[in-house]
Amino acid sequence: KAGVTQTPRYLIKTRGQQVTLSCSPISGHRSVSWYQQTPGQGLQFLFEYFSETQRNKGNFPGRFSGRQFSNSRSEMNVSTLELGDSALYLCASSIREANTGELFFGEGSRLTVL
Amino acid sequence: GENVEQHPSTLSVQEGDSAVIKCTYSDSASNYFPWYKQELGKGPQLIIDIRSNVGEKKDQRIAVTLNKTAKHFSLHITETQPEDSAVYFCAANGGGNKLTFGGGTRVLVKP
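Here the protein sequences line up with chains V and S, keeping their order.
Quick note, the working numbering runs 370 ahead of the 1-based positions in the first sequence.
Quick note, the working numbering runs 24 ahead of the 1-based positions in the second sequence.
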């Protein structure tokens with residue numbers, strides 16, 4: 371059974387650009403959550419999608435957005451990149467809603483903003 | 025919302041010794057408490073979890089205890105091995121449809 375797949379794994383952008391990250395959940399999983407991981411702030415929740423609906427959103431500015439498609443694949447977008455957006459962005463899928471069961475994480479997309 | 029605090033932030037143990045990581049949470053409505061292990065360059069991996077109707081759960085060398093009254097839960101690793109070296113995160117599911125994670129504990133097992 372394939373795990374959670376995130377693309378791209380590494381990317382470098384400059385300030386002001388925008389970026390789109392992709393996540394393919396485990397087959398059959400309907401929940402996809404996104405987290406930002408930095409050395410200073412740890413794992414911070416961005417948002418969760420369940421059956422194409424955003425169920426919850428973390429405390430991030432509107433520059434961070436996401437969506438989920440009918441096949442449960444998800445994308446997140448960050449517009450007008452800032453240096454502080456450099457981080458590892460992790461996607462996690464769950465067969466149930468994220469707060470009730472096991473999350474399976476991908477390897478992450480490491481974003482560097484110059 | 026939920027707040028999860030985790031201690032210690034770093035832990036160094038001799039191979040074969042035990043390691044204990046403690047977490048406290050704030051939302052009394054939380055009822056699911058997973059623990060994740062993250063190795064360098066990888067995403068977090070679930071190693072054990074516990075639900076509020078259980079006080080203790082064990083899986084080989086790993087055990088988790090939960091005290092709902094005090095709102096704290098702990099991870100115990102016995103007979104530590106070098107491959108246990110990693111960053112460990114606790115989490116709780118209070119505060120809506122999400123998991124709130126602790127700050128992480130970097131565990132180093134010295135051979």
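Ideal Cβ placement from N, Cα and C applies to all residues, glycine included.
Since the model is a prediction, treat every value here as computed from it, not as a measurement.
In its own chain, which residues sit with a C-beta less than 7 Å from the C-beta of residue i, not counting the 5 before and 5 after it?
i               : result
K92 of chain S  : S76
R85 of chain S  : I101, T102 and E103
I71 of chain S  : W59, Y60, K61 and I86
G386 of chain V : T450 and L451
Answer with yes or no whether the minimum CB distance from residue i to chain V is below 8 Å.
i               : result
K95 of chain S  : no
L99 of chain S  : no
F125 of chain S : yes
D83 of chain S  : no
Q38 of chain S  : no
G128 of chain S : yes
D73 of chain S  : yes
K66 of chain S  : yes
L70 of chain S  : yes
P58 of chain S  : yes
K61 of chain S  : no
K46 of chain S  : no
K92 of chain S  : no
Can you find a C-beta in chain S that's less than 8 Å from the C-beta of residue i?
i               : result
S421 of chain V : no
S394 of chain V : no
E445 of chain V : no
S403 of chain V : yes
G436 of chain V : no
L391 of chain V : no
G476 of chain V : yes
F430 of chain V : no
E452 of chain V : no
L460 of chain V : yes
In this structure, what does DSSP give as the bridge partners for residue i?
i               : result
T104 of chain S : Beta-bridge pairing links T104 of chain S to no other residue.
A87 of chain S  : S:K82 and S:H100
H31 of chain S  : S:K46
K95 of chain S  : Paired residue(s): none; K95 of chain S is not in a bridge.
S392 of chain V : V:T377 and V:E445
R385 of chain V : Answer is none; R385 of chain V lacks a bridge partner.
Y58 of chain S  : Strictly speaking, residue 58 of chain S in this sequence is Pro, with Tyr absent from that position. According to DSSP, which records beta bridges pairwise, P58 of chain S is partnered with S:D73.
S479 of chain V : V:Y459
A53 of chain S  : According to DSSP, which records beta bridges pairwise, A53 of chain S is partnered with nothing at all.
If we ignore side chains and look at the alpha-carbon of each, how far apart do residue i and residue j end up?
i               : j               : result
K46 of chain S  : P32 of chain S  : 7 Å
A462 of chain V : F475 of chain V : 4 Å
G454 of chain V : S435 of chain V : 16 Å
E103 of chain S : G79 of chain S  : 22 Å
T408 of chain V : Y459 of chain V : 9 Å
T89 of chain S  : L381 of chain V : 40 Å
S98 of chain S  : A87 of chain S  : 8 Å
T423 of chain V : F415 of chain V : 16 Å
V483 of chain V : L451 of chain V : 7 Å
G40 of chain S  : L132 of chain S : 12 Å
T384 of chain V : P431 of chain V : 19 Å
V389 of chain V : L481 of chain V : 9 Å
A115 of chain S : S456 of chain V : 23 Å
R437 of chain V : S36 of chain S  : 41 Å
S401 of chain V : F420 of chain V : 4 Å
E29 of chain S  : Q38 of chain S  : 25 Å
G65 of chain S  : A53 of chain S  : 33 Å
Can you pull the chain C neighbours of residue i, defined as C-beta to C-beta under 7 Å?
i               : result
G412 of chain V : Given the protein chain composition of this structure (V and S), no chain C is represented.
What residues in its chain sit with their C-beta under 6 Å from that of residue i, if we drop five residues either side in the sequence?
i               : result
Q105 of chain S : none
K81 of chain S  : I74 and V88
G128 of chain S : V111 and F113
N447 of chain V : T390 and S435
Legend entry - Runs of beta strand (DSSP E) wholly within the segment 405 to 449 of chain V (minimum 3 residues, chain order): Counting only runs of 3 or more, we get 412 to 420, 423 to 427, 434 to 438 and 444 to 448.
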